[in-house]
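Undergrad:
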Amino acid sequence: MRKHLIIATYDGIGTHYSGVGTIAKNIINALNELTGDINLRVSIAYVNVDKSSKVFNKECFQASVNLVNKTEGILIPLCNTTKGQSEWDMWRSFKEWDYTCVSLVTSLNLVLDQNEENYIILNDTPFLFFAKYRELINDKNLKCFYFPLSTGKNHAFGDTELRNNRIRAEQLCFDIVKKDENSKIIALGKTFAKRMSEDYGLVFDDDDFLQNGLYFDKYADFLSKKFSNRDLEKYGIKIEEKDKIIFAWGRCSIAKGFKELALAWSKIYKDLPDYHLILQMPNNSGENNYFEEVKKILSATERYVVIDDFNPEIWKTVLRTENTNIVCIPSLMDPFPHTSIEAKLFGKGMDYATIISDVDGAVDAFDKDEAVYVDPRNMELFSEKIIYAATLDSSIKKEMGDKNSISINRFNFPAILKDFIRKNLST
Numbered sequence: 002m003r004k005h006l007i008i009a010t011y012d013g014i015g016t017h018y019s020g021v022g023t024i025a026k027n028i029i030n031a032l033n034e035l036t037g038d039i040n041l042r043v044s045i046a047y048v049n050v051d052k053s054s055k056v057f058n059k060e061c062f063q064a065s066v067n068l069v070n071k072t073e074g075i076l077i078p079l080c081n082t083t084k085g086q087s088e089w090d091m092w093r094s095f096k097e098w099d100y101t102c103v104s105l106v107t108s109l110n111l112v113l114d115q116n117e118e119n120y121i122i123l124n125d126t127p128f129l130f131f132a133k134y135r136e137l138i139n140d141k142n143l144k145c146f147y148f149p150l151s152t153g154k155n156h157a158f159g160d161t162e163l164r165n166n167r168i169r170a171e172q173l174c175f176d177i178v179k180k181d182e183n184s185k186i187i188a189l190g191k192t193f194a195k196r197m198s199e200d201y202g203l204v205f206d207d208d209d210f211l212q213n214g215l216y217f218d219k220y221a222d223f224l225s226k227k228f229s230n231r232d233l234e235k236y237g238i239k240i241e242e243k244d245k246i247i248f249a250w251g252r253c254s255i256a257k258g259f260k261e262l263a264l265a266w267s268k269i270y271k272d273l274p275d276y277h278l279i280l281q282m283p284n285n286s287g288e289n290n291y292f293e294e295v296k297k298i299l300s301a302t303e304r305y306v307v308i309d310d311f312n313p314e315i316w317k318t319v320l321r322t323e324n325t326n327i328v329c330i331p332s333l334m335d336p337f338p339h340t341s342i343e344a345k346l347f348g349k350g351m352d353y354a355t356i357i358s359d360v361d362g363a364v365d366a367f368d369k370d371e372a373v374y375v376d377p378r379n380m381e382l383f384s385e386k387i388i389y390a391a392t393l394d395s396s397i398k399k400e401m402g403d404k405n406s407i408s409i410n411r412f413n414f415p416a417i418l419k420d421f422i423r424k425n426l427s428t
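Read in order, the letters of the sequence shown correspond to residues 2 to 428 in the numbering used here.
(1) Could you spell out where the beta strand (DSSP E) holding R42 opens and where it closes?
(2) Tell me which same chain residues have a C-beta within less than 6 Å of the C-beta of I240, skipping the five on either side of it?
(3) What are the residues that DSSP puts in a beta bridge with V306?
(4) Considering A391, what are the terminal residues of the alpha helix (DSSP H) in which it resides?
(5) So, helix, strand or coil for L150, using DSSP?
(6) Is it right to say S95 is buried, meaning 16 or more other beta carbons lie within 10 angstroms of its own, or is it exposed?
(7) Go through its chain and collect everything with a Cβ distance to N324's Cβ below 6 Å, but skip five positions before and after it.
(8) Can you tell me the Cβ-Cβ gap for T192 and V364, rounded? I've got them flagged as a contact below 8 Å.
(9) Enumerated in chain order, which unbroken segments of the beta strand (DSSP E) with a length of 3 residues or greater are wholly contained in the stretch 104-129?
(10) Is there contact here, the stretch 346-356 with the stretch 217-228, by at least three beta-carbon pairs under 8 Å?
(11) Closest to I279 by CA distance: which of E303, N58, K195 is it?
(12) Measuring straight from C-alpha to C-alpha, what distance separates V50 and T340?
(13) Taking the CB atoms as reference points, tell me whether V112 and Y134 lie closer together than 8 Å.
(14) Assign I415 to one of three DSSP states: helix, strand, or coil.
(15) Hey, is the stretch 153-166 in contact with the stretch 296-312, meaning 3+ C-beta pairs nearer than 8 Å?
(16) Which value, in whole angstroms, describes the spacing of the CA atoms of I327 and F148?
(17) When you compare the CB positions of Y216 and N30, do they come within less than 8 Å of one another, or not?
(18) So what's K52 in DSSP terms, helix, strand or just coil?
(19) Check for me: the beta strand (DSSP E) holding P336 runs from which residue to which?
(20) Tell me which residue opens and which closes the beta strand (DSSP E) that C80 is part of.
(21) According to the neighbour-count rule (16 or more other Cβ atoms, all chains shown, within 10 Å of its Cβ), is D335 buried or exposed?
(22) Okay, do the stretch 252-272 and the stretch 376-392 touch, 3+ Cβ pairs below 8 Å being the bar?
(23) Let's test the definition: count the other Cβ atoms within 10 Å of the Cβ of K257 and tell me whether it reaches 16, buried, or not, exposed.
(24) Let me know the secondary structure DSSP gives I357 once reduced to three states.
(25) Enumerate in chain order the residues of its own chain whose CB-to-CB distance from D359 is below 8 Å, with the five nearest sequence positions on each side excluded.
(26) Suppose only complete runs of 4+ residues qualify. What are the alpha helix (DSSP H) ranges in the stretch 217-258, listed by chain order?
(27) Taking only the alpha-carbon atoms, compute the straight-line gap between K434 and I122 and give it to the nearest angstrom.
(28) What do you get for I282, buried or exposed, if any count of 16 or more other CB atoms within 10 angstroms of its CB means buried?
(29) Which residues in the same chain have their Cβ closer than 8 Å to the Cβ of T428, if we skip the five residues on either side of it in sequence?
(30) Along the chain, where does the beta strand (DSSP E) containing H326 start, and where does it finish?
(31) Tell me which residues share the same chain as N478 and place their Cβ nearer than 6 Å to its Cβ, disregarding the 5 neighbours each side in the sequence.
(32) Please name the residue or residues paired with K404 in a DSSP beta bridge.
(33) With DSSP run on the structure shown, which of helix, strand or coil describes I7?
(34) Any idea if P274 is buried or exposed, counting beta-carbon neighbours within 10 angstroms, 16 or more meaning buried?
(35) Could you please give me the residues that DSSP links to Y18 through a beta bridge?
(36) Cβ of I187 within 8 Å of Cβ of F146?
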């Protein structure tokens, strides 16, 4: 019997602005590569995007079109209460979550063939709401893999009322999923699984993981290059050729720990007179107050650059710049940030130390002898660790880099996805 895999997501198909989008793109790219090895029909259900809007991403949309055409699948645009003209508007309330999941139910009942084995990956937390309407699906044997990428208890975003409502809704959906023998929760990484177990009473077996990773081939052009401080000028970054760099990047969100890094820099910038702090933190998460707070903290310091631009060529270039000496992943509430794996991958042949937050999923990418661990909420210790990393002997950094170059192979996403499909879809 032929197997039909449906991927339900929002970012990463018609738009791309977040880590959720990177995960969706990785799944699409990996499946495009694996179709010769795995006999799957693949369909993609995505929140509809106005293709004339500035948020529409032609590249990732075309990759999705190619995949469904190649596998004889279907591209399924879903509706919510918006016109799909901006990322934030499309997903800003529970009403959008409900409407999109109801739209998904309607669409699935039109396209699913009960003579096939049907599976669906529900990518990101809003699609947990599908559990409330699962019983309306005609194919009662549909296998559902819910893939939450944050939770209300893990991500302290929004006011208290919104978070409490979100937590109650998540608990309801988790409880429904636990009672359904054809559904399971899939965790992004071991640390996030532990957090969800503690917060929501979930239990994870060995096969209940779709570990985060990267599609390495997409980075090959940069991994063969090295840059100087002068090469950064085209991005508006002007620092002396001899000066060293502390770098952190990711969407501007409380989850990413930029405030903690800014506060640490405010304590030590005078102790590191030949260093510049560069933050690439595009302000596209709807957390503008947080963005302004970080800038205000830094305004009382010197030698810093804040980049409000998503352009991935910026962070790729900085990570391959020879004067980058410290790469910092201070995330507080990220299940498993891509930045941690990117730092690991781009560090090959470079001379930087990586400081990694040990309070969230970032540690899933690094063993303790591969990075400098720190709790970014401990300001004194965080500041000390930055100075420690700045003065770390080059032989120790090289040893860390050599170990990372070996262990990076664990995060090759096509291999990760192929293993997940083998274990869960029995192909």
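Here a beta-carbon is modelled for each residue, glycine too, at the ideal position from N, C-alpha and C. The structure displayed is predicted, hence computed values, not measured ones.
TA: Straight from the coordinates:
(1) What you label residue 42 is simply residue 41 of the sequence shown in a count that begins at 1. Unbroken beta strand (DSSP E) run through R42: 41-48.
(2) Start at 1 with the first residue of the sequence shown, and residue 240 comes out as number 239. Result list for I240: N230, H277, in chain order.
(3) Counted from its first residue, the sequence shown places residue 306 at position 305. Its beta-bridge partners are I279.
(4) On the sequence shown, position 390 is the one that residue 391 refers to. Here the alpha helix (DSSP H) through A391 covers 380-391.
(5) Stepping through the sequence shown from its first residue, residue 150 is reached at position 149. Reduced to three states, the DSSP call for L150 is coil.
(6) Walking along the sequence shown from the start, residue 95 turns up at place 94. For the record, residue 95 in the displayed sequence is Phe; it is not Ser. By the neighbour-count rule (16 or more Cβ atoms within 10 Å), F95 is not buried but exposed.
(7) Position 323 of the sequence shown holds residue 324. Correct list, in chain order: N230, K245, I246.
(8) Translated into the one-based positions of the sequence shown, residue 192 becomes position 191. Translated into the one-based positions of the sequence shown, residue 364 becomes position 363. Approximately 6 Å separates the beta-carbon atoms of T192 and V364; this is inside 8 Å, confirming the contact.
(9) Under the rule that a run must span 3 or more residues, the beta strand (DSSP E) segments found entirely inside the stretch 104-129 read 118-124.
(10) As far as the Cβ criterion goes, the stretch 346-356 touches the stretch 217-228, which means the pair count is three or higher.
(11) Sequence index remark: in the sequence shown, residue 279 carries index 278 (1-based). The shortest C-alpha separation from I279 is found at E303.
(12) As a first step, residue 50 is located in the sequence shown; it is residue number 49 there, counting from the start. As a first step, residue 340 is located in the sequence shown; it is residue number 339 there, counting from the start. Spanning the two alpha carbons is a distance of roughly 27 Å.
(13) What you label residue 112 is simply residue 111 of the sequence shown in a count that begins at 1. What you label residue 134 is simply residue 133 of the sequence shown in a count that begins at 1. No, these two residues do not count as a Cβ contact at 8 Å.
(14) Along the sequence shown, read from residue 1 onward, the residue named residue 415 stands at position 414. The sequence shown places Pro at residue 415, rather than the Ile named in the question. Looking at P415 - three-state DSSP - the assignment turns out to be helix.
(15) With a cut-off of 8 Å, the stretch 296-312 and the stretch 153-166 do not count as touching, because too few Cβ pairs lie within range.
(16) As a working note, residue 327 is residue 326 in the sequence shown. As a working note, residue 148 is residue 147 in the sequence shown. Here the C-alpha atom of I327 lies approximately 32 Å from the C-alpha atom of F148.
(17) Taking the sequence shown and counting its residues from 1, the one referred to as residue 216 is at position 215. Taking the sequence shown and counting its residues from 1, the one referred to as residue 30 is at position 29. A contact, by the Cβ cut-off of 8 Å.
(18) Here residue 52 corresponds to residue number 51 of the sequence shown, with the count starting at 1. In this structure, K52 counts as coil in the three-state DSSP scheme.
(19) Numbered from 1 along the sequence shown, position 335 holds the residue referred to as residue 336. Taken as a continuous stretch (DSSP letters only), P336 belongs to no beta strand (DSSP E), as it is neither H nor E.
(20) The residue given as residue 80 occupies position 79 in the sequence shown. Note, C80: premise wrong, no beta strand (DSSP E); not H, not E.
(21) Residue mapping note: residue 335 aligns to position 334 of the sequence shown, counting from 1. Per the 10 Å Cβ criterion, buried.
(22) The stretch 252-272 makes contact with the stretch 376-392, as at least three CB pairs between them are under 8 Å.
(23) Taking the first residue of the sequence shown as 1, we reach residue 257 at position 256. Its Cβ being crowded by 16 or more others within 10 Å, K257 is buried.
(24) Looking up residue 357 in the sequence shown gives position 356. I357 falls in the strand class under three-state DSSP.
(25) Within the sequence shown, the letter at position 358 stands for residue 359. If we look at D359 and ignore the five residues flanking it on each side, its Cβ neighbours are Y374, V375, D376.
(26) For the stretch 217-258, the continuous alpha helix (DSSP H) assignments of 4+ residues that do not extend past its boundaries occur at 221-224, in sequence order.
(27) Nothing can be reported for residue 434: it is not among the residues displayed for the chain, which extend from 2 to 428.
(28) The count along the sequence shown starts at 1 and reaches residue 282 at position 281. Before going further, note that residue 282 is Met rather than Ile in the sequence given. Buried, by the Cβ-count rule.
(29) Residue 428 sits at position 427 when you count from the first residue of the sequence shown. Summary for T428: the model assigns pLDDT 49, below 50, so the residue's position carries little reliability, and this model does not support an answer.
(30) Within the sequence shown, numbered from 1, the residue matching residue 326 stands at position 325. His is not the amino acid found at residue 326; the sequence shown has Asn there. Membership of N326 in the beta strand (DSSP E) is indicated by the continuous run 325-330.
(31) Because residue 478 is not part of the residues shown, which for the chain are 2 to 428, the question remains open.
(32) Along the sequence shown, read from residue 1 onward, the residue named residue 404 stands at position 403. Within the DSSP bridge table, the entry for K404 names no partner.
(33) Within the sequence shown, residue 7 is the residue found at index 6, counting from 1. Strand.
(34) For the purposes of this step, residue 274 is taken as the residue at position 273 of the sequence shown. When all chains shown are included, P274 counts as exposed.
(35) As a first step, residue 18 must be located in the sequence shown, where it is residue number 17. Bridge partners of Y18: none, in fact.
(36) Taking the first residue of the sequence shown as position 1, residue 187 is located at position 186. Taking the first residue of the sequence shown as position 1, residue 146 is located at position 145. Contact: yes.
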